[in-house]
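Colleague:
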Amino acid sequence: MLYAFHEIQKSLGAPMRFAAQMGMNWAQSSGNPWKDMPPADWLAASSEMTLRLTQEYPKQPFGIHTISIDGHTHAIEETVVHEKSFCQLRRFAKIGSKGEPCVLLVAPLSGHHSTLLRDTVKSLVQHHEVYITDWRDARNVPMSEGLFHLDDYVHYVIEYLQMLGPNVHVISVCQPTVPVMCAVSLMAANNDPMRPKSMVMMGGPIDTRVSPSSVNTYATKHTKEWFEQHVISRVPAKYAGFGRRVYPGFLQHYGFVAMNPSHHAKSHWEFFLDLLKGDDTDAETHRKFYDEYNAVLDLDAAYYLETVDRVFQQFHLPRGIMEVSGERVDPKAIRDIGLMTVEGELDDISCPGQTHAAHGLCANVPNAQRKHLLVPGCGHYGIFSGSRWRNIIYPEIRSFIASHGTNQQKAVAKSIKPKPAAAKSTKKSSAKR
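Letter 341 of the sequence shown, counting from 1, is numbered 349 in our numbering, and no numbers are missing.
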């Protein structure tokens with residue numbers, strides 16, 4: 009009923025959105041004699057605010073067509089190389105490039121689309137052949153495709169690594185750090201020749217008992233049955249996944265905003281003032297950020313509830329009791345795979361220490377093949393986007409990957425240096441970084 013009520017609410021709001029669109033069009037029309045007067049500016053700004061606060065946001069394209077390296081422009085090719093019921097594997101590479109390190113970027117399946125990692129891909133593709141997991145919205149997956157479990161997530165990662173190996177490196181951002189560690193542990197235990205050369209884990213919940221955030225505390229305050237009763241709903245008839253039990257994207261979005269409500273309110277108010285002032289640059293920055301931030305997807309209920317239970321409530325991985333399809337996961341089986349962890353000092357979703365816990369679990373990785381990076385002044389989203397990602401984190405990851413690649417790539421690693429941290433900007437940002 010929850011999902012059905014949400015759809016009814018959207019339908020009831022359609023006339024208001026139509027009126028807001030008409031008001032915005034009229035206020036900005038060249039045929040409006042009051043177009044350049046304050047009342048028209050107020051009407052246009054109010055109408056756009058109403059529209060943006062009530063509309064549904066579609067998935068955004070990656071939109072990476074070219075990149076600039078040392079003053080030279082390179083065309084980027086984007087292709088879908090493999091499709092499964094719940095995921096597309098997308099490839100990004102410079103047209104004509106050969107021999108660059110291969111990276112599997114495992115995007116979070118936790119509410120936002122994989123395009124949230126656009127900045128991550130844009131940096132990586134400068135020097136790598138990049139593959140990214142582009143997870144499908146569960147409401148668009150027919151029931152005939154079956155359910156999606158946490159174990160399925162792990163098997164997807166193993167399959168992709170086997171497709172891309174043996175000279176592949178894997179990067180996981182936030183939520184997938186756990187299934188990626190499971191996948192790599194199983195591949196190492198089975199001496200899989202396609203296991204990755206290195207794995208980079210960024211801001212993820214390896215052990216949420218360490219410095220628990222408000223998200224972690226919320227998970228442990230309630231039972232799995234409570235979550236099933238209060239946040240799981242069935243997909244309505246208008247979607248291909250009709251009848252599928254999901255954790256709806258709109259509920260996840262409420263949760264995202266609720267973590268920093270005053271910040272989002274301030275951001276929208278500043279956007280309104282920018283519209284009144286005619287500050288198109290700042291207004292467009294706001295639009296681009298929230299077009300992505302507000303675009304969410306549904307999660308299959310089985311996967312969501314298992315993740316809540318096994319990762320955030322029972323802590324299966326750090327307790328050594330994690331199993332995938334009946335096979336025990338033992339990170340100590342990882343012996344010849346480089347391990348790098350990245351954390352943000354101000355991360356309030358996966359707090360510092362939670363990702364670093366991977367080093368304790370992977371006890372048999374040689375010290376020479378380990379690296380930990382704690383980034384001062386960096387929040388959760390700043391780990392994979394923005395100036396700290398581009399200037400500090402990415403050069404370190406690039407060097408780490410190169411040092412675990414071919415002899416030629418290892419030579420390149422010695423020449424890579426992080427850029428100095430940018431001076432603190434006085435310009436307002438659209439969302440907390």
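Just so it is clear, CB atoms sit at the ideal spot from N, CA and C, and this is done for glycine as well. Please read all numbers here as calculations on a predicted model, not as lab measurements.
For I140, which of helix, strand or coil comes out of DSSP?
Modeller: Counted from its first residue, the sequence shown places residue 140 at position 132. Strand.
Colleague: Would you check if there are 3 or more beta carbon pairs closer than 8 Å linking the stretch 230–242 to the stretch 207–216?
Modeller: Short answer: they don't touch.
Colleague: Cβ of V350 within 9 Å of Cβ of L307?
Modeller: As a working note, residue 350 is residue 342 in the sequence shown. As a working note, residue 307 is residue 299 in the sequence shown. No.
Colleague: Assuming D127 contacts S393 (C-beta within less than 8 Å), just tell me the rounded distance between them.
Modeller: Stepping through the sequence shown from its first residue, residue 127 is reached at position 119. Stepping through the sequence shown from its first residue, residue 393 is reached at position 385. That pair is a contact at about 4 Å.
Colleague: What is the C-beta distance between S131 and C359, in whole angstroms, given that I count them as a contact (C-beta under 8 Å)?
Modeller: The residue you call residue 131 lines up with position 123 of the sequence shown. The residue you call residue 359 lines up with position 351 of the sequence shown. Not really, about 24 Å apart at Cβ, beyond 8 Å.
Colleague: Using only the alpha-carbon positions, how far apart do P339 and D200 sit?
Modeller: Taking the first residue of the sequence shown as 1, we reach residue 339 at position 331. Taking the first residue of the sequence shown as 1, we reach residue 200 at position 192. Approximately 14 Å between the Cα atoms of the pair.
Colleague: Ends of the alpha helix (DSSP H) at F279?
Modeller: Sequence index remark: in the sequence shown, residue 279 carries index 271 (1-based). It spans P269 to K285 - the alpha helix (DSSP H) in which F279 sits, taken as one unbroken run.
Colleague: Do the stretch 78–89 and the stretch 312–323 meet, that is, are 3 or more Cβ pairs less than 8 Å apart?
Modeller: Too few Cβ pairs lie closer than 8 Å, so no.
Colleague: Can you look up N190 in the DSSP assignment and give me helix, strand or coil?
Modeller: Stepping through the sequence shown from its first residue, residue 190 is reached at position 182. The amino acid at residue 190 is misidentified as Asn; the sequence shows Cys. Looking at C190 - three-state DSSP - the assignment turns out to be helix.
Colleague: Quickly, what does DSSP pair T349 with across the bridge? List them, please.
Modeller: Numbered from 1 along the sequence shown, position 341 holds the residue referred to as residue 349. For T349, which the question treats as bridged, DSSP gives the partners M209 and H380.
Colleague: Which class does F100 belong to by DSSP, given the choice of helix, strand or coil?
Modeller: Here the question's residue 100 lines up with position 92 in the sequence shown. If DSSP states are grouped into helix, strand and coil, F100 belongs with the strands.
Colleague: Helix, strand or coil for V319, going by three-state DSSP, please let me know.
Modeller: On the sequence shown, position 311 is the one that residue 319 refers to. Reduced to three states, the DSSP call for V319 is helix.
Colleague: CA-CA distance, Y164 and W234?
Modeller: For the purposes of this step, residue 164 is taken as the residue at position 156 of the sequence shown. For the purposes of this step, residue 234 is taken as the residue at position 226 of the sequence shown. Answer to the nearest angstrom: the Cα atoms are 29 Å apart.
Colleague: What is the DSSP secondary structure of Y247, counted as helix, strand or coil?
Modeller: Counting from 1 along the sequence shown, the entry for residue 247 is found at position 239. Y247: coil per DSSP, three-state reduction.
Colleague: Using the beta-carbon count (16 or more within 10 Å), is H412 buried or exposed?
Modeller: Here residue 412 refers to the residue found at position 404 when the sequence shown is read from its first residue. Looking at its Cβ environment, which holds 16 or more other Cβ atoms inside 10 Å, H412 is buried.
Colleague: Check whether chain D comes within 9 Å of K106, counting only Cβ atoms and requiring the distance to be less than that.
Modeller: In summary, chain D is missing from the structure at hand, where a single protein chain is found.
Colleague: For the alpha helix (DSSP H) holding H14, just list the boundary residues, first then last.
Modeller: The residue you call residue 14 lines up with position 6 of the sequence shown. Looking at the DSSP string, the run of the alpha helix (DSSP H) that includes H14 is L10 to L20.
Colleague: Relative to the alpha-carbon of E331, which residue among D49, G368, Q321 and P187 has its alpha-carbon at the smallest distance?
Modeller: Sequence index remark: in the sequence shown, residue 331 carries index 323 (1-based). Cα-wise, what sits closest to E331 is P187.
Colleague: If you follow the alpha helix (DSSP H) that L172 is in, where does it begin and where does it stop?
Modeller: The residue you call residue 172 lines up with position 164 of the sequence shown. L158 to L172 is the extent of the alpha helix (DSSP H) around L172.
Colleague: Pick helix, strand or coil for L113, following the three-state DSSP scheme.
Modeller: As a position in the sequence shown, residue 113 is number 105, starting the count at 1. Correct three-state label for L113: strand.
Colleague: What are the partner residues of E85, as DSSP defines its beta bridges?
Modeller: The residue given as residue 85 occupies position 77 in the sequence shown. Looking at the DSSP assignment, E85 forms a beta bridge with A101.
Colleague: Whole angstroms is fine: what's the gap from D449's alpha carbon to I409's?
Modeller: One cannot answer for residue 449 here, as it falls past the ends of the chain, which runs 9 to 441.
Colleague: Keeping to the same chain, check which residues put their C-beta closer than 8 Å to that of M151; ignore five residues upstream and five downstream.
Modeller: Residue mapping note: residue 151 aligns to position 143 of the sequence shown, counting from 1. Excluding sequence neighbours, M151 sits near G249, F250, G251 and R252.
Colleague: Taking L125 and V176 to be in contact with their CB atoms under 8 Å, please state how far apart those CB atoms are, rounded to whole angstroms.
Modeller: One-based indexing of the sequence shown puts residue 125 at position 117. One-based indexing of the sequence shown puts residue 176 at position 168. That belief does not hold up - the Cβ atoms of L125 and V176 are roughly 18 Å apart, past 8 Å.
Colleague: Looking only at its chain, what residues have a beta carbon closer than 8 Å to the beta carbon of M9, apart from the 5 residues adjacent to it on each side?
Modeller: In the sequence shown, counting from the first residue as 1, residue 9 sits at position 1. Within the same chain, M9 has close Cβ partners S241.
Colleague: Only counting the same chain, and skipping five residues up and downstream in sequence, which positions put a Cβ closer than 7 Å to that of G352?
Modeller: Locating residue 352 in the sequence shown gives position 344, where the first residue counts as 1. Correct list, in chain order: G211, V383, C386, G387, H388, G390 and I391.
Colleague: Kindly indicate the opening and closing residues of the alpha helix (DSSP H) around I409.
Modeller: Walking along the sequence shown from the start, residue 409 turns up at place 401. It spans Y402 to S411 - the alpha helix (DSSP H) in which I409 sits, taken as one unbroken run.
Colleague: Y139: beta carbon under 8 Å from a heavy atom of the ligand MN?
Modeller: No copy of the ligand MN appears in this structure; indeed no ligand is present at all.
Colleague: Whole-angstrom Cβ separation of A303 and H14, contact assumed at under 8 Å?
Modeller: Within the sequence shown, numbered from 1, the residue matching residue 303 stands at position 295. Within the sequence shown, numbered from 1, the residue matching residue 14 stands at position 6. Not quite, the Cβ-Cβ distance comes to about 16 Å (not below 8 Å), so this is no contact.
Colleague: Assuming H82 and K102 form a contact by the criterion Cβ under 8 Å, report the distance between their Cβ atoms to the nearest whole angstrom.
Modeller: Here residue 82 refers to the residue found at position 74 of the sequence shown. Here residue 102 refers to the residue found at position 94 of the sequence shown. At roughly 5 Å, the Cβ-Cβ gap stays under 8 Å, so H82 and K102 are in contact.
Colleague: Could you pull out every residue in the same chain whose Cβ sits closer than 6 Å to the Cβ of Q443, ignoring the five residues on either side in sequence?
Modeller: The structure shown does not extend to residue 443, since the chain is modelled only from 9 to 441, so the question has no answer here.
Colleague: Going by DSSP, what residues sit across from S76 in a beta bridge?
Modeller: By 1-based counting over the sequence shown, the position of residue 76 is 68. T81.
Colleague: Please determine if the stretch 21–29 and the stretch 59–71 are in contact, where contact requires at least 3 C-beta pairs separated by less than 8 Å.
Modeller: The stretch 21–29, when compared against the stretch 59–71, does touch it at the 8 Å Cβ threshold.
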